[in-house]
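Below you'll find the structure, written out as structure tokens, and then a few comments.
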Amino acid sequence: NYCRTIVALDEQLGRLLDRLDALGMAENTLVIYAGDNGFFWGEHKLFGTGRWPYDDSIRVPLIVRYPGTIPDPGRRADQMALNIDVAPTFLEAAGVPVPEDMEGASFLPVLRSASATGREAFLYEYFKDFPYRIPPTQGVRTEKYMYIEYEGRRKPELYDMRSDPLQEQNLMNTA
Numbered sequence: 005n006y007c008r009t010i011v012a013l014d015e016q017l018g019r020l021l022d023r024l025d026a027l028g029m030a031e032n033t034l035v036i037y038a039g040d041n042g043f044f045w046g047e048h049k050l051f052g053t054g055r056w057p058y059d060d061s062i063r064v065p066l067i068v069r070y071p072g073t074i075p076d077p078g079r080r081a082d083q084m085a086l087n088i089d090v091a092p093t094f095l096e097a098a099g100v101p102v103p104e105d106m107e108g109a110s111f112l113p114v115l116r117s118a119s120a121t122g123r124e125a126f127l128y129e130y131f132k133d134f135p136y137r138i139p140p141t142q143g144v145r146t147e148k149y150m151y152i153e154y155e156g157r158r159k160p161e162l163y164d165m166r167s168d169p170l171q172e173q174n175l176m177n178t179a
């Protein structure tokens, strides 16, 4: 069912983009497709929707189409962005000032240039969520590392995301 849903969504998104092209609106229309959370297919011995602090769960699809602004379509950006960055991005693209008290930061510079600086780090938090049996979690993700702390008996985890992007080798207490 999950895979059928993804295929159907892909088909409908294609129809939308084709229609924008046909209407001559694509050049100045920012389209952002973003997922809600990742999905485990056996990674870390987990299956189903992600609520764990691993990249398989916290990294989500983020696909952007903005032909009049993105000079190199098809590029995969390595810079980090968060869901709270979507609204400031839309506002900046529309030429509307981003309110100072709005959380998030526009990632329009990253869309314009592969060498633009993105986020350096972010805080990940997962709170108790009945009926899921996942401990409350806090973590910090940087370009190089992911550090995770759990409430309860689970021990902290530290991963080098450059040398171990699948988060298989916990570096805590290894030095």
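Here the working numbering is used: the first residue of the sequence shown is 5, the next is one more, and so on.
Backbone N, C-alpha and C define an ideal beta-carbon position, used for all residues, glycine too.
On a predicted model such as this, the values are computed, not experimentally measured, just so you know.
Measure the CB-CB distance between residue i and residue j and report whether it falls below 9 angstroms.
| i | j | result |
| --- | --- | --- |
| Gly42 | Asp59 | yes |
| Pro139 | Arg158 | yes |
| Leu170 | Val144 | no |
| Leu17 | Ala30 | no |
| Pro65 | Ala38 | yes |
| Phe44 | Thr33 | no |
Alpha carbons only, please: which of the options is nearest the one belonging to residue i?
| i | options | result |
| --- | --- | --- |
| Leu112 | Val144, Pro71 and Tyr149 | Pro71 |
| Leu162 | Glu104, Phe94 and Thr178 | Thr178 |
| Tyr130 | Ser119, Gly122 and Glu153 | Glu153 |
| Gln83 | Ala118, Pro92, Phe94 and Leu27 | Ala118 |
| Glu124 | Leu27, Thr146, Tyr136 and Phe134 | Thr146 |
| Phe134 | Arg55, Leu50, Ile10 and Ala12 | Arg55 |
Rounded to the nearest angstrom, how far is the Cβ of residue i from that of residue j, given a contact under 8 angstroms?
| i | j | result |
| --- | --- | --- |
| Arg63 | Val35 | Incorrect: roughly 20 angstroms between the Cβ atoms, too far for contact. |
| Asp164 | Tyr149 | 6 angstroms |
| Thr73 | Arg116 | 6 angstroms |
Apply the 10 Å Cβ neighbour rule to residue i and answer buried if 16 or more other Cβ atoms are within range, or exposed otherwise.
| i | result |
| --- | --- |
| Val114 | buried |
| Pro103 | exposed |
| Met176 | exposed |
| Thr121 | exposed |
| Pro101 | exposed |
| Pro92 | buried |
| Thr9 | exposed |
With a threshold of 9 angstroms between beta-carbons, can residue i be considered close to chain C, or not?
| i | result |
| --- | --- |
| Val100 | Of the protein chains in this structure there is only one, and it is not chain C. |
Is there contact here, the stretch 70-90 with the stretch 106-115, by at least three beta-carbon pairs under 8 angstroms? yes
Are three or more beta carbon pairs between the stretch 71-79 and the stretch 48-59 nearer than 8 angstroms? no
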